[in-house]
């Protein structure tokens, strides 16, 4: 029963024009950024080599497609959560606004199954958006700027990953980023259950993310215990994919934190949805 409901919800999401705003924005930004890297490649390379001057002898082009993709992950993952809210925010609230729940929930299907199918469809949208970002940045970047090794600064360490190794690290990074975005999806989904206006989940999610992010970066000793447990503190989990060796213990800790928050948001969504008044 879940599979037909899931497909139906996917059709609903991907048949709306607003769903493609995120995909369109990424499709516009990536080529422009890659073009900027190609035009200013010499200056970028001088800046990179300036950090190695006197210590290493370097040859080739460091400002290649793989490096551009890595840089774009830093720049765009600050804004991707906003694009995530455009799909998940309308999943429940949109039907509440249209009043279709009065008919939809009279069918002999439990509310939990309906909500679960909506949550799966929203998660599919979020994961698709992350991998769309990866596909375009790696594809256009390597075609336009050429493939090569990745120059990575991790703290005080310098790491140069060969192209073949870097591809695997990017795959891990995008998987971790997708998991991170699923936490944002469940938060947006919770707000979508609580309100009947599709704008509310977007505003609510961004407000929580902004407040949580500010608390995460404040250098206050008394907030250290809170900062370690905020889910936004673990939004950089994808960066661990480019460490050598990969700190799997840190990754597990971050995924546990993000998964716990996601589970809490999902459980609250089911709790409130099953008690939701659809008559007023």
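Numbering (the working numbering), first residue to last: 29 to 308.
Glycine residues also receive a C-beta, built at the ideal position from the N, C-alpha and C atoms.
Residue i burial status per 10 Å Cβ neighbour count (16 or more: buried)
i, result
"residue 272", "exposed"
"residue 143", "buried"
"residue 196", "exposed"
"residue 58", "buried"
"residue 150", "buried"
"residue 54", "buried"
Reference residue i; option with closest CA among the options
i, options, result
"residue 66", "181, 195 and 171", "171"
"residue 152", "91, 47, 107 and 97", "47"
"residue 222", "60, 301 and 112", "301"
"residue 154", "41, 305 and 280", "41"
"residue 112", "140, 160, 145 and 137", "160"
"residue 141", "294, 120 and 30", "30"
"residue 200", "181, 274, 179 and 103", "274"
"residue 231", "256, 138, 121 and 265", "121"
"residue 192", "202, 178 and 182", "178"
"residue 226", "242, 49 and 123", "123"
"residue 233", "255, 259 and 181", "259"
"residue 35", "147, 167 and 249", "147"
C-beta atoms of residue i and residue j nearer than 9 Å
i, j, result
"residue 206", "residue 158", "yes"
"residue 100", "residue 165", "yes"
"residue 219", "residue 117", "yes"
"residue 278", "residue 261", "no"
"residue 4", "residue 283", "Nothing can be reported for residue 4: it is not among the residues displayed for the chain, which extend from 29 to 308."
"residue 104", "residue 208", "no"
Residues that residue i bridges to, as DSSP identifies them
i, result
"residue 179", "188"
Residue range of the unbroken alpha helix (DSSP H) whose run includes residue i
i, result
"residue 141", "139 to 173"
"residue 256", "252 to 257"
"residue 35", "30 to 42"
"residue 64", "47 to 67"
"residue 98", "93 to 104"
Any non-hydrogen atom of the ligand PLP within 8 Å of residue i CB
i, result
"residue 155", "The ligand PLP is absent from the structure shown, which contains no ligand whatsoever."
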